[in-house]
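Okay, so here's the structure we're looking at.
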Amino acid sequence: MTRVIKTKVEIEGRVHEETVVVEEEEPQAWEEGHQFSLVGKGVNRVDGRERVTGAARYTYDVSLPGMLSAAILRSPHAHARIVSIDTSRAAKLPGIRAIVSRENADVDWFKNVAKLFDSTLRFIGDDVAAVAADDLDIAHDALKLIDVEYEVLPAVLTIEEASRPGAPEIHPQGNIILHNGHNGELFTRGSVEKGFKAAEVTVEGTYRTSTQMHNSLETHGSVAMWEGEELTIWESTQYIFGVRERVARALEMPLSKVRVICEYMGGGFGSKGSTFKQPVIAALLARLAKRPVKLMLDRREENTLAGNRGETLQKIKVGATRDGLLTAIDLEAMTGVGIYASWAASVSGPAQELYKCENVRTLTLGVRTNMGSQAAFRAPGYVEGMFALESAIDDLCAKLEMDPLEFRRKNHSDIDQGSGQNYSSKHLLACYDRALELIGMEAESLLPTPGSLGANGPWLRGIGLASQTWGGGGGPPAHALVRINPDGSVEVQCGMQDIGTGTKTALSQIAAEELGVPLESIRFRLGDTQKGPFGPASWGSITTPSVGPAVRMAAADARKQLLEIASYFMETPAPSLQLVDGCITTEGRQQGRKALSEILDEIGDYMITGKGYRGPNPTEPIRTWGAQIAEVEVNVETGQVRVLRIAAAHDVGRVINPKGLASQFYGGILQGMGFGITEERVVDKATGRVLNASLDEYKIPTIADVPVMIVEAIGKADTLANHIGAKGSGEPPIIPTAAAIANAVFNATGVRLKELPMTPRRVLEALAAAGSAHEGAKEA
Amino acid sequence: MNRFEYARAGSPEEAAALLADESSRIIAGGTDLLPLMKESITSPAQLVDISLWLKGREIVQGTEQLEIGALVTLSEIVRNEEIGTQYTALADACGLAAAPQLRNMGTIGGNLLQASRCAYFRGPYDCWLKGGDTCFAREGENEQHSIFLTSPEQSMCVSAHPSDPATALLALGARVRYQTASSQYDVDLGDLYKLPTEEQRSMTTIPRDAVITGVVLPAKPTKSLYRKAMPRATWSFALAGIGVSITLERGAIAEARLALGGVAPIPIRAEAVEQAMLGHAPGELPAEDLAGLLIQDARPLSRNGYKVQLLMGLFKQVLRDLAS
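Those protein sequences? They're chains A and B, same order as listed. Per my numbering, the first sequence runs over residues 2 to 781. Per my numbering, the second sequence runs over residues 4 to 327.
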């Protein structure tokens, strides 16, 4: 019977209530100790062959008969108004098939703020006009022939400047994102005034992190094709249903007439969770030209306008008793959201949740600037917030002369301090212990004793610890279908997408496990809004815990139907029948074993269809936990930081595919390392132009920078969270890395780096400042 | 990228003749030229491909010198045993430059003539080096720019020279051969570079219609090496690069050449330090004093003061490695 109930779902640090349609009873949980044949076994990607041979079709690879190439004219000014725009010269260029601009496309985009092609341009890269041409060179030539007169307006480029009273207003809704009518989001628990009064030791600091850019290997982009009034979009996206909704809304079309396809995609890391303008612009051009249109961003566009992790400025103060009990945490954080983002990253999440502390106050300000908008970037806010919090805690430990691990044990919270409830599961203490075992060093050496780990010439060695907390419980809605064909082959359908994380593989394992068929007989179909029921966005580390249970339930439903059919032909009650390895057997007997295809053959062309959905969440909060320890070398003469080893232990529930999990951990650690030591967007302060938008200028870690990574999931099933016992693992591994590296740098040098990334400039400046402070102290 | 004609030249003479057309440019590996064209920093009407000139791909060992053809790639230099043992600084520099794919394509001739990496030069800015009025980096983002020769009287442009091999070759006392339609030239590598002037907004002295044909290394030094500081482990231009070569007599340094890259608009020699190194055994050089001498003329910009410290640190590394 269909019922509707409400349940809480956490995504990227924010909890919201979701309405869920409940149908059949969900399966019994796979309890800890359950005997699996496939789940928990490391398997290769089911689509690995397609990916490495080039057979996999990414959006970039889509090529249709008659397809045109499109390019966009972008604002050269950080803030300007279009006085006039004249596309007539461009239109005369041979090979130009369509042009769209504010003159012929009046489409709402950012509600009450800006149209698709607005007359006010608010950052370098804002869309002015677009052309479709026979090839990309012609399209680019045409852009140069569009005559635009701009009236340049005052621009604000930094969060400090934008948040200052009297700063030029750059956005109709103000320079700071409002929360319940106030500037920023205030959180309080207890009283920090009281907490600091009780504190015997306090530490404070101002921390900064730089803007990090996603740099997915495949840039954002779309191919649009009209067939009559029906529109098909191929899009490099983390959310095909999200693109469908956004495109349909922009073009005022019914959802049923928009189809979105993303079979394979080359990375998103959060930046492709929301829908950018490309699919709509491509659709408009395709409609005008009456031909399919491809519109892919180039690397500079990608790094100018397709999202980023905004810079932060965090003022944090923590207090504790002499014996190391936290009494207060106070954090004021500003985070840059660029111009159009309407949300602030959860920079304050770690301060609110990680430690047991009665008195916490956080204020989070999302600040707008005339720069490209932020987009979610792998654990948005938590990566930045964890750096400031864990640095401050490390300072506090140094001041208390307390081992950082002992401090963490002392200030561990067994319960969720917001709700007073138990967590669905929490194995953070086990993560600390395991990380320490994995790095193979004594707890004592975590204490900041510069140089104690030795030096190799000017290279000083140090180690540092940091923690991880994050959601990742997932939740409804998510649906799946399992269809068993007459030949015994199985198709699993879900309208979601595999963003390269191995979704197809892990979900195929779950389906095969539940059905009792070999992994090879599963064909997982996803990436098409027309082929499968609703699947969620691939964000917030929600995929496995959201879709996994739906897939399992659909498989269980299909198996049940199959065994009921088999019961008729095998003259055995269905409950005594089993499906193992693609064969139906009677429990406890070997004779009468029938292959799946034999039974299906009996019923002709009937196709068994199992249905599954993701049920509601428990009332207990679901969170992931973890710890990382970094071992680094710092060259005190040149300021270079070398990461030697990272040990990572995370509690992400039951592991479905250890191989897929390890690559999530490796990728997260490397992105965290880039955030910590090499990656930063450089902006020309006079113009607001990104100066390092290409991959040779913007320094992501190379293979030569990769440290030894020793990664492990604690792996305990969380069956309270959902019946497969898994939590998400995409974001957890990036969260503590930069913080652990920063603490290791402190451990090596005795100097606290308060600004990321820790480039040679920042390291040498910090060492020099500490040195001159030291000299000053001596003189005094 | 603009549309262009494509021509092949089988020899430097042929190439030089084709360069008579003012909007022609030589292409060999294309690792710098093509990105410049993609960004419309340069828009040649004709590309003259010299990569089929086979003699340009040879490394010829003479009795007193070694000649490297202009088309020899950086990878080929890294793999060459003679260069690795006799002219270690060059092998070091080529191995530390760029990334494997770029080293496989990039030629030594092209590397010496690569353009500035300044983001303002490479971006849509009408910068002084491109003929404009302003060096935007001087007051702007200059974290990776020059710390020497930065006063406007010395050089309006403050970008840092990007070539690792040029710095190593300067330390090795190399010569460069080039050819125009009418004649052949043989110059000190140091003379290939000059600070740009109001009239000549370029860091090189080579005529527009000339083709580099080779690099000549003189008699090998006792020891040479090149070290580089980068913002990550590889595939980065030098924050600072140091090339050094020394010749020993009875255990003491009789000749020294010390060259710096990534810290001035062109590769420069540190002659005062070279002088001060003479007479010492490599293991007994007064590192602190020499490092102080090395940076005495440094005039960093608004955001690159750290490079002074970094250069001293890198130099001490060079001295340690020279002694070992």
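Glycine is no exception: its CB is placed at the ideal position from the N, C-alpha and C atoms. All values reported here derive from a predicted model rather than from experimental measurement.
To which residues of the same chain is D488 of chain A closer than 8 Å at the C-beta, ignoring the five residues directly before and after it?
-> Excluding residues within five positions, the ones whose Cβ falls inside 8 Å are S598, L601.
7 Å Cβ shell around L288 of chain B - same chain, five flanking residues per side excluded | For L288 of chain B, where only same-chain residues beyond five positions count, the Cβ hits under 7 Å are M280, L322.
Candidates A:N723, A:G474, A:L366: which alpha carbon is nearest S184 of chain A's?
-> A small correction: the amino acid at residue 184 of chain A is Asn; Ser does not occupy that position in the sequence shown. When only C-alpha atoms are compared, the closest one is A:L366.
DSSP state of A11 of chain B mapped onto helix, strand, coil | According to the sequence shown, residue 11 of chain B is Arg rather than Ala. Collapsing the DSSP output to three states places R11 of chain B in a strand.
Per DSSP, the bridge partner or partners of H651 of chain A | Answer is A:G627, A:A714, bridged to H651 of chain A.
Extent of the continuous beta strand (DSSP E) run through D488 of chain A | No beta strand (DSSP E) holds D488 of chain A; DSSP gives it neither H nor E.
According to a CB-to-CB cut-off of less than 7 Å, which residues of the stretch 42 to 60 of chain B neighbour chain A?
-> Result list empty, no residue passes.
Interfacial residues, the stretch 631 to 650 of chain A to chain B, with Cβ spacing under 9 Å = Answer set for the stretch 631 to 650 of chain A: N636, V637, E638, T639, G640, Q641, R643.
Please report how far the alpha carbon of P659 of chain A lies from the alpha carbon of N83 of chain B, in whole angstroms.
-> A straight line joining the alpha-carbon of P659 of chain A with that of N83 of chain B spans about 44 Å.
So, L220 of chain B versus T91 of chain B, is the Cβ gap smaller than 8 Å?
-> With respect to the 8 Å criterion, L220 of chain B and T91 of chain B are not classified as neighbours on the basis of their beta carbons.
T679 of chain A CB to nearest chain B CB: under 8 Å?
-> Yes, contact with chain B.
Would you kindly work out how many angstroms separate the C-alpha atoms of V10 of chain A and Y614 of chain A, rounded to a whole number?
-> Straight-line Cα distance between these residues: approximately 15 Å.
R123 of chain A: CB within 7 Å of a non-hydrogen atom of the ligand GDP | By its list of ligands, the structure shown contains no ligand whatsoever, and the ligand GDP lies outside what it can speak to.
Where do the ends of the beta strand (DSSP E) carrying K195 of chain A lie?
-> K195 of chain A -> not in any beta strand (DSSP E); alpha helix (DSSP H) instead, spanning 193 to 199.
With K532 of chain A as the anchor, note down where its alpha helix (DSSP H) starts and where it stops.
-> First-last for K532 of chain A: undefined, no H or E at that position.
Separation of A555 of chain A from L482 of chain A, as counted between CA atoms = Spanning the two alpha carbons is a distance of roughly 6 Å.
Could you spell out where the alpha helix (DSSP H) holding V190 of chain B opens and where it closes?
-> That residue, V190 of chain B, is in no alpha helix (DSSP H); its beta strand (DSSP E) goes 187 to 191.
Can you check the stretch 214 to 297 of chain B for any alpha helix (DSSP H) of at least 4 residues that lies completely inside it and give the ranges in chain order?
-> 274 to 280, 290 to 297, all fully within the stretch 214 to 297 of chain B.
Which residue's Cα is closest to the Cα of A100 of chain B: B:G87, B:T88, B:N114?
-> Nearest option by C-alpha distance: B:N114.
Examine chain B for any beta-carbon lying closer than 8 Å to the beta-carbon of N693 of chain A, and answer yes or no.
-> Output row for N693 of chain A: interface = yes.
The alpha helix (DSSP H) enclosing A102 of chain B, as first and last residue numbers = Neither: A102 of chain B is in no alpha helix (DSSP H) and is coded neither H nor E.
Check whether the Cβ atoms of E70 of chain B and G217 of chain B sit closer than 8 Å, and answer yes or no.
-> With contacts defined by Cβ atoms closer than 8 Å, E70 of chain B and G217 of chain B form a contacting pair.
Can you tell me whether DSSP reads G661 of chain A as helix, strand or coil?
-> Note: G661 of chain A maps to helix in three-state DSSP.
Let me know if S26 of chain B comes out buried or exposed under the rule of 16 or more other beta-carbons within 10 Å of its beta-carbon.
-> The Cβ neighbour count for S26 of chain B, taken over all protein chains shown within 10 Å, is under 16; the residue is labelled exposed.
Touching or not, the stretch 238 to 245 of chain B and the stretch 161 to 169 of chain B, by the rule of three or more beta carbon pairs under 8 Å?
-> Cβ pair count under 8 Å is three or more, so yes.
Step through the CB atoms of chain A and report whether any lies within less than 8 Å of the CB of A92 of chain B.
-> The beta carbon of A92 of chain B does not come within 8 Å of any beta carbon belonging to chain A, so the residue lies off that interface.
Can you give me the start and stop residues for the alpha helix (DSSP H) that H141 of chain A sits inside?
-> Per DSSP, H141 of chain A belongs to the alpha helix (DSSP H) from 137 to 145.
Residues bridged to H428 of chain A [DSSP beta-bridge criterion] | Note: H428 of chain A sits in no beta bridge, so no partner.
Could you check if P293 of chain A is buried or exposed, using at least 16 other CB atoms within 10 Å of its CB as the buried criterion?
-> The Cβ neighbour count for P293 of chain A, taken over all protein chains shown within 10 Å, is at least 16; the residue is labelled buried.
Chain-order list of residues whose beta-carbon lies under 7 Å from that of A781 of chain A (same chain, five-residue window excluded) | Residue placement at A781 of chain A is flagged as unreliable, the pLDDT there being 47, under the threshold of 50; a coordinate-derived value is accordingly withheld.
Between the beta-carbon of V47 of chain A and the beta-carbon of K505 of chain A, is there less than 8 Å?
-> Against a cut-off of 8 Å, the Cβ pair of K505 of chain A and V47 of chain A comes out as a contact.
Once you ignore the five residues that flank G243 of chain A on each side, which residues in its own chain have a CB closer than 8 Å to its CB?
-> Around G243 of chain A: G274, S275, T276, A538.
Which bits of chain A does K319 of chain B rub up against, with CB to CB less than 7 Å?
-> By Cβ distance, chain A contributes E638.
Inter-residue spacing [alpha-carbon to alpha-carbon] between L317 of chain B and R235 of chain B = Their backbone Cα atoms lie some 15 Å apart in a straight line.
Beta carbon of Y356 of chain A, beta carbon of S414 of chain A: below 8 Å?
-> The answer is yes: Cβ separation under 8 Å.
Contacts that Q299 of chain B makes with chain A (C-beta to C-beta distance below 7 Å) = Near Q299 of chain B there are no residues of chain A at all, since even the closest Cβ is about 18 Å away, more than 7 Å.
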